[in-house]
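Only one structure is covered here, and it is reproduced in the block below.
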DNA sequence: TTAACGTTTGTCCAAACGGTCAAAATTTGC
DNA sequence: GCAAATTTTGACCGTTTGGACAAACGTTAA
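Laid out in structure tokens, this is it:
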């Protein structure tokens with residue numbers, strides 16, 4: 001009789017919850033939190049609203065689990081940046097991974113952008129905690145690389161911001177990018193073009 | 001007895017409409033279109049909902065006038081880029097202007113970002129028309145500068161995208177930037193730091 | 001077979017929302 | 001000073017929305 005509150009989930013619960021998350025990602029990333037309705041998500045997941053609410057307590061909770069998972073995905077590429085590796089190779093790989101994410105997971109990128117735009121009401125603590133700590137660490141690494149003459153000297157924090165901004169731009173502002181590039185240059189190749197351009201920009 | 005449909009507006013109408021636009025910018029830029037209510041805007045403007053609706057037919061129309069004005073502001077800095085000027089000076093000025101806009105008009109930037117994120121439902125034609133035309137023109141100018149050896153060679157379209165992305169990042173992702181930089185480096189000086197970094201990035 | 005448990009649905013509700021309207025209050029032009 | 005025009009307000013309406021609930025349906029394992 002209990003709602004699925006504890007972690008002991010049945011097979012159906014695991015499947016349906018995943019189905020709902022997928023549908024919610026689709027809807028939330030297109031319309032934002034307040035712009036999305038439970039009905040829309042339920043329909044996208046192929047079930048009725050009360051049925052959906054059997055699996056998630058409320059709209060907020062669906063969004064919360066989505067954001068929680070998103071942050072993992074989001075921090076992963078930066079975490080992989082290895083102090084022991086070759087600086088230029090590491091930066092190049094990081095840019096590549098970020099551009100691939102913009103291409104393959106644009107919905108996640110937009111969801112994240114949406115949340116930050118609204119002032120990050122639900123993830124501010126994580127930005128000030130986990131994210132800041134990670135960036136502090138990697139900024140130090142980058143600073144060392146620059147000091148050793150392996151990279152052009154610059155502010156490592158703004159260097160990271162610039163990589164974030166430029167790569168995510170191709171997911172978040174995709175409509176604008178395609179509108180400006182037109183049907184020819186705005187085709188599938190645009191991500192490869194972008195990657196090449198960004199490598200040149202950030203690595204001389 | 002007529003609603004303010006024609007252009008002949010009274011003093012009060014001009015003042016109140018401006019007041020509403022200001023309030024609407026505040027609210028829309030924080031919550032997006034669907035996340036904002038007429039009541040919120042009315043309260044921010046210090047008037048009742050029916051009173052607000054005396055000046056604007058509906059929510060959509062408030063948003064429309066805001067977006068229309070926004071696009072002017074938005075294209076202005078790029079328009080000012082002068083083929084006859086010194087390339088490096090022109091680019092530097094453009095970056096400066098964009099960073100100043102991120103600092104002084106973050107609400108406009110967020111409103112714009114919000115609209116694009118949702119797929120630009122209301123301004124797609126303008127992106128494909130006016131904006132594309134302007135970028136095409138300026139990309140040609142930049143390409144000439146690069147060809148003449150005045151700037152490092154790169155794809156001029158992605159060059160422009162990168163300037164947009166990095167500068168607007170400081171308005172749209174301000175919360176994140178401040179969270180990561182912390183209270184010390186995240187103070188007022190962050191825009192100046194950003195400007196210096198970006199000049200270095202884009203001009204060698 | 002059947003009892004217990006898990007899942008799904010139809011119905012319903014209260015609050016929030018966009019927007020209308022007529023009447024009251026105020027301002028303006030003569 | 002007054003009539004006409006403009007501005008403001010309170011009350012109201014239909015719709016959408018998030019969410020509750022009990023009843024019905026399905027599954028599983030003793």
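Protein chains in written order, with the numbering used here: chain A, 1 to 204; chain B, 1 to 204. In this text, a Cβ means the ideal position worked out from N, Cα and C, and glycines have one as well.
Straight-line measurement puts the Cα of residue 31 of chain A at about 35 Å from the Cα of residue 90 of chain A. Taking the C-beta atoms as reference points, residue 131 of chain B is found nearer than 8 Å to residue 180 of chain A.
Taking every protein chain shown into account, the CB of residue 13 of chain B has fewer than 16 other CB atoms within 10 angstroms, so this residue is exposed. Straight-line measurement puts the Cα of residue 188 of chain B at about 41 Å from the Cα of residue 183 of chain A. Annotation: the continuous alpha helix (DSSP H) that includes residue 51 of chain A extends over 49-55. Scanning its chain for C-beta atoms nearer than 8 Å, with the 5 sequence neighbours on each side dropped, one finds around residue 51 of chain A the residues 42, in chain order.
Contact holds between the region 65-76 of chain B and the region 114-128 of chain B, because three or more Cβ pairs, one in each stretch, are under 8 Å apart.
Against chain A, the beta carbon of residue 135 of chain B has neighbours under 7 Å at 180, listed in chain order. In the structure shown, the three-state DSSP call for residue 66 of chain B is helix. Counting along the chain, the unbroken alpha helix (DSSP H) around residue 104 of chain A starts and ends at 87-104. The three-state secondary structure of residue 25 of chain A, taken from DSSP, is helix. Proximity of chain A to residue 200 of chain B at the Cβ level (cut-off 7 Å) is accounted for by 154, in chain order. For the pair of segments examined, the region 158-176 of chain B was found not to touch the region 141-148 of chain A: the number of CB pairs separated by less than 8 Å stays below three.
Counting only residues of its own chain and dropping the five nearest sequence neighbours on each side, residue 167 of chain A has a CB closer than 6 Å to the CB of 98, 99, 102.
For the region 18-51 of chain B, the residues whose beta carbon sits under 9 Å from a beta carbon of chain A are, in order, 29, 30, 31, 32, 33, 34, 35, 36. Assignment of residue 190 of chain B by DSSP, reduced to helix, strand and coil, places it in the helix class.
Look at residue 125 of chain A here: in three-state DSSP terms it is helix. Listed in chain order, the non-local C-beta contacts of residue 204 of chain A below 8 Å within the same chain comprise 152, local neighbours out to five positions each way being set aside.
Assignment of residue 109 of chain A by DSSP, reduced to helix, strand and coil, places it in the helix class. Here DSSP, grouped into helix, strand and coil, assigns residue 118 of chain B to coil. A Cβ-Cβ distance of about 6 Å is found for the pair residue 138 of chain A and residue 78 of chain A, placing them in contact under the 8 Å criterion. Residue state for residue 11 of chain A is assigned as helix, using DSSP reduced to three classes. Of all residues in the region 92-123 of chain B, only 110, 113, 114, 116, 117, 118, 119, 120 place a beta-carbon less than 8 Å from a beta-carbon of chain A. Here residue 109 of chain A is not near residue 23 of chain A, since their CB atoms are 8 Å or more apart. Per the C-alpha coordinates, the member of B:160, B:196, B:29, B:186 positioned closest to residue 197 of chain A is B:160. Counting only the Cα atoms, residue 119 of chain A lies some 13 Å from residue 128 of chain A. Its chain contains 49, 59 as the residues whose beta carbon lies nearer than 6 Å to that of residue 38 of chain A, once the 5 sequence neighbours on both sides are disregarded; these appear in chain order. Against chain A, the beta carbon of residue 193 of chain B has neighbours under 7 Å at 155, 158, listed in chain order. The beta carbons of residue 95 of chain B and residue 202 of chain B sit about 6 Å from each other, so the pair counts as a contact at 8 Å. Taken atom to atom, the span from the alpha-carbon of residue 154 of chain B to that of residue 200 of chain A is near 8 Å.
Looking only at A:88, A:115, A:104, the smallest Cα-Cα distance to residue 149 of chain A is reached by A:88. Closest by C-alpha distance to residue 17 of chain B, out of B:34, B:46, B:33, B:35, is B:46. Secondary structure at residue 152 of chain B: coil, using DSSP grouped into helix, strand and coil. For residue 146 of chain B, the enclosing alpha helix (DSSP H) starts and ends at 132-147. Linking residue 164 of chain B to residue 21 of chain A through their CA atoms gives a straight-line distance of about 32 Å. For residue 181 of chain B, the enclosing alpha helix (DSSP H) has its first and last residue at 174-185.
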